[in-house]
Structures are given as structure tokens and as C-alpha cells.
Amino acid sequence: MTASQALVATHRKRSRLSRLLGYDTMAETRECLTGMAFAIPWLLGLLIFVLGPIIASMYLSLTKYDVISAPRFHGFANYQRAFFDDRQFWPSLGRTFRFALTVVPVGTAGSLLLALLLNRGMRGTTIYRTLFFLPSLTPSVAMAILWGFLLHPVVGPVNYALGMVGIQGPGWFSSVQWALPSVVFISLWAGFGGSRMIILLAGLQGVPQELYDAADVDGANGWTRFRNVTLPMISPTLFFVLIIGVINALKVFALAYVATGGGPSWATWFYALHLYNWSFNYFEMGYGAALAWIFAIIVVILTMAQFKLARRWVYYMGE
Amino acid sequence: MTTKSISTQRGLFSSYAFRRKASTVTSYIVLTLLGLMFMFPWFYTMTGSLKAPHEIYLFPPPLFPELAQFDNYPEVFRRVLFGRWFINSVTVVTLATLGAVMSSTLVAYSFARFRWRGRDALFAITLATMMLPSEVTLIPQYLIFRNLRWLNSIRPLIVPAWFGGGAFNIFLMRQFLMSLPREFDEAARIDGASALRILVQVLLPLMKPVISTLAVLGFIGAWDDFMGPLIYLSTAENFTIALGLRYFHVAEGQPGIPQTHLLMAACVMSTTPVVILFFFAQRYFVQGIVMSGIKG
Chain A
1 MTASQALVAT HRKRSRLSRL LGYDTMAETR ECLTGMAFAI PWLLGLLIFV
51 LGPIIASMYL SLTKYDVISA PRFHGFANYQ RAFFDDRQFW PSLGRTFRFA
101 LTVVPVGTAG SLLLALLLNR GMRGTTIYRT LFFLPSLTPS VAMAILWGFL
151 LHPVVGPVNY ALGMVGIQGP GWFSSVQWAL PSVVFISLWA GFGGSRMIIL
201 LAGLQGVPQE LYDAADVDGA NGWTRFRNVT LPMISPTLFF VLIIGVINAL
251 KVFALAYVAT GGGPSWATWF YALHLYNWSF NYFEMGYGAA LAWIFAIIVV
301 ILTMAQFKLA RRWVYYMGE
Chain B
1 MTTKSISTQR GLFSSYAFRR KASTVTSYIV LTLLGLMFMF PWFYTMTGSL
51 KAPHEIYLFP PPLFPELAQF DNYPEVFRRV LFGRWFINSV TVVTLATLGA
101 VMSSTLVAYS FARFRWRGRD ALFAITLATM MLPSEVTLIP QYLIFRNLRW
151 LNSIRPLIVP AWFGGGAFNI FLMRQFLMSL PREFDEAARI DGASALRILV
201 QVLLPLMKPV ISTLAVLGFI GAWDDFMGPL IYLSTAENFT IALGLRYFHV
251 AEGQPGIPQT HLLMAACVMS TTPVVILFFF AQRYFVQGIV MSGIKG
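Top to bottom, those sequences are chains A and B. Note that the working numbering has the first sequence beginning at 1, numbered continuously upward. Note that the working numbering has the second sequence beginning at 1, numbered continuously upward.
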């Protein structure tokens with residue numbers, strides 16, 4: 001076979017491949033194959049670790065499965081059980097929502113206030129930014145432990161300080177009434193100055209000075225400037241921060257698991273603890289999968305609802 | 001000259017300038033008070049980590065130990081497998097971050113620079129999966145690693161990162177690559193460079209900011225991860241710092257000498273690496289957080 005014959009042969013082979021892929025030219029086929037080759041890790045990852053598991057857990061949620069024996073098809077029994085028979089399902093869901101409904105609005109307002117304070121162009125802002133940010137770097141487990149120390153009912157400095165002003169401090173983590181507020185409080189401590197503040201600060205810095213100048217010419221005071229210039233201009237940032245904040249708050253796990261173990265008497269038994277417990281303590285994986293899917297559907301609906309609502313209050317420049 | 005000095009002098013009392021100055025001073029006071037409040041828990045933990053066992057239970061709680069017990073720190077290593085946990089954590093974090101950054105670079109390159117059948121559909125699916133919480137994939141992933149007999153090893157915490165690094169990393173990396181002009185690639189291609197060579201020699205040097213950023217965010221996420229180690233690791237010698245700390249915390253309740261001072265030292269040590277990283281890579285931190293916020 002001469003060199004030219006070989007060339008023709010390979011050309012034909014490739015053009016068959018091109019036709020298979022639906023491309024006319026060799027260059028396009030080459031580009032397609034190279035592109036696919038670079039995407040292989042994710043093609044595999046998406047199938048093995050994301051899409052496969054999504055379908056598998058959907059199926060498992062319709063079965064009874066204890067890991068040891070094969071899953072048995074169960075219909076919607078797991079969902080029925082969650083909604084009607086599981087005594088801790090609704091309470092844990094409600095508690096998680098109460099947690100999110102405090103932590104997200106209060107936390108976002110606090111972060112925005114800090115960001116506004118830092119955005120006044122004063123000297124030393126970086127140092128303050130760092131001071132506010134550091135608590136959020138604390139690993140959740142360390143956070144739970146060190147706050148257990150600070151909120152110690154007898155020898156903790158918090159109750160000591162309360163005692164100085166004549167207040168008998170509660171038992172915090174060990175009190176049914178105060179355990180949930182304690183977890184809220186700790187989350188706020190870490191959340192006020194965390195990444196949310198940094199994002200909002202960047203949003204504030206992106207507001208064009210001309211708009212403020214124009215507002216000044218119109219004689220706007222601080223509040224009007226904030227209400228009519230700052231707020232609309234950072235509304236896309238605020239929106240993003242709210243979406244992420246809600247999802248993260250609903251997923252609260254490590255802090256409560258370590259600080260209180262979900263107690264006392266279920267006071268901090270959040271949805272993620274419930275899900276973890278059924279899946280990995282009792283190994284009722286069918287039921288655990290159903291709990292996970294209920295959670296996923298709630299998260300997706302909430303996120304989409306927020307996007308819907310966003311049309312009313314989020315302002316995009318140039319639209 | 002004189003008019004100017006007079007005007008500044010008068011400015012001090014004129015309501016506008018005075019109010020401005022007053023508000024700046026107030027801001028500083030507020031900022032400082034807030035900073036102290038935010039840092040107090042850490043201050044108290046740090047001095048607590050240097051206290052003698054009996055000082056923990058003194059009332060009123062002393063702010064400082066009578067004599068700083070620096071030996072509390074080595075004592076942590078003697079009491080529990082802290083050194084082992086530290087090595088495990090560093091291994092997991094390094095390998096998971098490395099895998100995520102490397103593989104997401106390759107995948108993002110494919111999404112940003114090549115046209116291929118199914119690309120846009122795959123990208124849409126990738127974005128859609130970002131909406132679903134990770135809880136949904138938890139059980140099947142566990143079953144995969146159980147079948148591979150990888151339970152009670154750190155492999156389940158590392159290996160998935162090497163398969164594309166997750167939708168979020170791919171997305172951010174792709175956005176960054178799209179912002180780089182294609183002329184760079186074209187020039188190299190005309191010179192006969194292969195696709196891989198263009199990525200490594202032309203694009204990679206330009207991608208340094210986004211790579212550092214994702215590495216830093218990956219580090220923090222993996223260091224803080226608790227649920228993963230809790231599910232996969234069952235014996236103390238395989239624990240990561242986060243899980244070990246909790247194990248130590250639970251063991252504290254057992255009879256014997258109070259260990260709170262040691263637990264505080266362990267908390268300080270478990271947070272130190274993240275804080276050090278923050279100070280060295282502050283720029284990338286802020287950039288990364290902002291990037292994930294604004295473009296996401």
C-alpha cells in the first residue's frame with residue numbers, strides 16, 4: 001500500500017466517523033472529539049456520582065432497604081410514613097424552617113449593616129473586615145465546642161456577664177427552651193461577618209458614585225439615598241445571598257449534631273439530623289432516600305418561588 | 001491662605017462638617033465594639049486553652065490563666081490521636097482540592113473552547129444539578145463505596161473530586177475561560193500547538209487567579225466537612241480533624257480529669273490552618289467569594 005493509498009484510507013475512515021457524528025468537515029470532527037475527550041472526567045463523574053445516584057435514590061425511596069437484604073419495592077409507603085406516621089417528621093421540618101426564618105433575615109440584615117459600615121471609605125477598613133470575617137472560618141465542630149464552653153450554664157462567661165446585670169442566665173444548650181435560640185445565636189455570630197458580608201460589600205462597591213451624586217443634588221437624605229439608590233442597585237446581590245442563605249440554613253447539621261445532638265428532648269432535632277439518623281444510624285435507607293427527596297423537592301420549590309418573587313423586587317440595570 | 005484656615009476653623013463648627021466628623025468617630029467606635037464582640041469567643045477560647053484544669057471551673061471565670069500552661073498543646077497529642085487526624089485532614093484536603101482543580105480545568109476547557117455534539121445539553125444538566133441538595137445523592141454514593149469496600153477509609157472523601165470537581169467549580173472555571181480572548185489560542189494553534197499544549201502553556205498561566213480562588217474555597221470546604229467523615233470513617237485512626245474533635249468532645253463527658261482546657265487547645269489548633277491560609281491568600285478569598293456571588 002502506497003503512502004497516498006493509506007492517506008485515502010484514513011481519510012475515508014475518518015469521514016465515516018464524521019458522518020456518524022453529523023459533521024461535514026474533518027476540522028469539526030476533530031474539534032468534537034477533542035472536546036469530548038477533555039470532558040470525560042465530568043461525563044463519568046456526572047453519571048457515577050450525580051445522575052446515577054439521583055435515579056438510584058429515587059428508586060430506593062420507593063423500597064424498603066436495610067443494606068443487608070435486597071431492596072423490596074414498597075410503592076409510596078415511605079412517603080406515607082413520613083407524612084402520617086413519623087412523629088418527628090413535621091416537628092423537625094417546622095423547626096428547620098423556624099431556624100431558617102430567623103437566621104436568614106436577621107443574618108442578612110446584619111451582614112448588610114456591617115457591609116454598609118465598612119463601605120464608608122474609612123481608614124483601616126481591611127482590619128475590621130478581617131475581624132468580622134474570622135469567626136466564619138471556625139470549623140462547625142470547633143464552633144459547637146467553644147460555644148458550649150462560653151454558654152456553660154454555671155461557669156460560662158456569658159451567664160456570668162448576664163449575672164452582673166442581674167439576669168439569671170438560662171441553661172442554653174441543656175434547656176429545652178433555649179437550645180434552639182442558642183444554635184441560632186451561634187449561626188448568627190459566624191454568619192454576620194462571613195462570606196455574605198463580603199459579597200454584599202462587593203455589591204455596594206459596585207454602585208456607581210454618579211447615582212449618589214445625583215441623589216445629593218436632589219437633596220436626598222441618608223435613608224432616601226439608601227432606599228432609592230443603594231437598595232435597588234444591590235438587589236441582585238441581595239437576591240443571590242438570600243437564595244444561598246436559605247439553602248444553607250435548611251441544611252443545618254454539624255453545629256446542632258455536635259453541640260446538642262439534637263436535644264434536649266428534640267429541641268434542636270433539625271431535618272438533616274432526622275435524615276442522617278434514619279439513613280446511617282438505623283440504616284433504613286429506603287426511608288432515608290424518601291426523606292432526602294422530600295427535602296430536595298422543598299428546596300427546589302423554595303428556590304423557584306424566590307426566583308418568581310424576584311421579578312417584583314430585584315432590579316437589573318440595563319433592563 | 002488666611003481665608004482657608006478661617007474656613008476650616010469655621011468648618012469644624014459648621015453643622016455639616018461637624019456631623020460628618022462625629023459620624024466617622026461614631027463609626028469607628030461601633031466598628032471597634034463590634035470587632036471586639038466578634039473576637040471575644042476566640043479570645044476566651046485561646047486563654048482557656050492555656051488554663052490549668054481547675055481554672056476552667058472557677059467562678060467568676062478568670063479571663064487569663066494564672067500561669068500559661070503551654071504544655072496543654074502537646075498534651076492534646078498525647079491524649080488523643082490528634083497528629084494522626086491532622087495528617088488525615090491534610091491528606092484529604094490536599095488530594096481533594098488538587099483533584100477538583102485539575103479535573104474541573106480540563107472539563108471547563110472543553111465547555112469553553114470546543115464545539116461538540118451534546119455539549120450544551122450537558123452544560124444545562126450540569127447547571128440543573130446545582131439546584132438539587134447533595135443529600136439526595138448521599139445514600140447511593142455510600143452504597144457505591146460500600147461495594148468497593150472503601151468504607152472506613154478516606155478514599156470516598158477524595159476520589160469523587162477527581163471526576164470533574166463538581167458542577168460549581170466547572171461553572172466558575174468555564175465563566176473565567178470564556179472571558180479570555182480566543183486570539184491567544186488561535187495564535188498557538190497556527191504555530192502547531194496541540195489542544196492540551198494550548199491549555200497548559202497558554203491558558204493555564206492566565207488562569208492563576210481563578211485556580212487559586214477555587215483551591216482556597218475547596219480547602220475551606222473540605223477542612224470543615226463533617227457529614228462526609230461522619231458517614232464514611234468509623235475508627236479513630238482514620239478520623240479527620242473535624243470528626244476527631246467531636247470524638248474528643250464526646251469523650252470529655254467520661255469520668256476522670258476534666259479535659260475542657262485540652263479541648264480548647266484542640267479547637268485552636270483545628271482552626272489555625274484555615275486562619276493562616278486566610279492571611280496568606282486573603283486576596284483570593286475575597287475574590288473567590290465575590291466571584292461566586294456576583295456571577296452565580
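Quick reminder that beta carbons are idealized off the backbone N, C-alpha and C, glycines included. From a predicted model like this one, the values you see are computed outputs, not experimental measurements.
Per-residue DSSP class, three states only, for F111 (chain B): helix
Start and end residues, alpha helix (DSSP H) containing Y232 (chain B): According to the DSSP assignment, Y232 (chain B) belongs to the alpha helix (DSSP H) that extends over M227 to Y232.
Nearest neighbour of F248 (chain B), chosen from B:L81, B:A215, B:F64 and B:S103 [CA to CA]: Put simply, of B:L81, B:A215, B:F64 and B:S103 the residue whose alpha carbon is nearest the alpha carbon of F248 (chain B) is B:L81.
Buried versus exposed, by CB contacts within 10 Å (16 or more), M178 (chain B): exposed
Residue span of the alpha helix (DSSP H) that contains T260 (chain A), given as start and end: That residue, T260 (chain A), is in no alpha helix (DSSP H); it is neither H nor E in DSSP.
Sub-8 Å separation of L62 (chain A) and G75 (chain A) beta-carbons: yes
Close Cβ partners of S320 (chain A) (< 6 Å) along its chain, the five nearest in sequence each way excluded: Examination of residue 320 (chain A) is not possible in this model, given that chain A is present from 1 through 319 alone.
Nearest neighbour of I276 (chain B), chosen from A:R87, A:L134, A:W278 and A:L21 [CA to CA]: A:L134
Supposed contact pair Q141 (chain B) and F49 (chain A) - C-beta distance, whole angstroms, cut 8 Å: The pair is a contact, with the Cβ atoms about 6 Å apart (cut-off 8 Å).
Inter-stretch contact (C-beta, 8 Å, three-pair minimum) for the region 80-100 of chain A and the region 268-284 of chain A: yes
One or two residues paired with T63 (chain A) in a DSSP bridge: A:F73
Of the listed residues A:T260, A:A310, A:S265 and A:V252, nearest to F99 (chain A) (C-alpha basis): Ranking the options by Cα distance to F99 (chain A), first place goes to A:V252.
Local conformation of G171 (chain A) per DSSP, three classes: coil
Chain-ordered chain A contacts of Y73 (chain B) [CB-CB under 7 Å]: Correct list: empty, because the minimum Cβ distance to chain A is about 15 Å.
Backbone secondary structure at M264 (chain B) - three-state DSSP: M264 (chain B) sits in a helix when the DSSP states are folded into three classes.
Cutoff 8 Å: D191 (chain B) Cβ touching any chain A Cβ: For D191 (chain B), not one C-beta of chain A is nearer than 8 Å to its own C-beta.
Which of helix, strand or coil DSSP assigns to E66 (chain B): In the three-state scheme derived from DSSP, where H, G and I count as helix and E and B as strand, E66 (chain B) is classed as coil.
V101 (chain B) - DSSP class collapsed to helix/strand/coil: helix
Cα-Cα separation between R19 (chain A) and E28 (chain A), rounded to whole angstroms: A straight line joining the alpha-carbon of R19 (chain A) with that of E28 (chain A) spans about 11 Å.
Residues near G263 (chain A) in its chain [Cβ-Cβ closer than 8 Å; skip 5 each side]: Excluding sequence neighbours, G263 (chain A) sits near A179 and W269.
Minimum Cβ-Cβ distance from R155 (chain B) to chain A less than 8 Å: no
Simplified DSSP state of W313 (chain A), which is helix, strand or coil: W313 (chain A) falls in the helix class under three-state DSSP.
Residues in the region 49-83 of chain A having any Cβ partner in chain B nearer than 8 Å: F49, V50, L51, G52, P53, I54, A56, S57, L60 and V67
F40 (chain B) beta carbon near the ligand MG (any heavy atom closer than 7 Å): Inclusion of the ligand MG in the displayed structure is not the case, the ligand content being empty and no account of it being possible.
Distance CB(A70 (chain A))-CB(S110 (chain B)) smaller than 8 Å: no
Residue from A:Y315, A:P105 and A:R30 with nearest C-alpha to I244 (chain A): A:P105
Length at least 4, wholly inside the region 225-286 of chain A: the alpha helix (DSSP H) runs in chain order: 231-250, 254-259 and 271-276
Runs of alpha helix (DSSP H) lying entirely within the region 130-165 of chain A, each at least 4 residues, in chain order: 140-150 and 157-164
Residue ranges of each beta strand (DSSP E) within the region 8-59 of chain B, 3 or longer: none
Coil, strand or helix - E213 (chain B) by DSSP: In the sequence as presented, Glu is not what sits at residue 213 (chain B); that position holds Thr. In this structure, T213 (chain B) counts as helix in the three-state DSSP scheme.
DSSP state of N152 (chain B) mapped onto helix, strand, coil: coil
With 16 other Cβ atoms within 10 Å as the buried cut-off, status of W223 (chain A): exposed
Three-state class that DSSP yields for I68 (chain A) in the structure shown: coil
Residue nearest to K51 (chain B) in terms of C-alpha spacing, selected from B:A68, B:M37 and B:V210: B:A68
Between the CA atoms of V300 (chain A) and L132 (chain B) - distance to the nearest angstrom: 7 Å
Own chain partners of I170 (chain B) with C-beta closer than 8 Å, once the 5 adjacent residues on each side are dropped: S104, V107, A108, F111, T126 and G164
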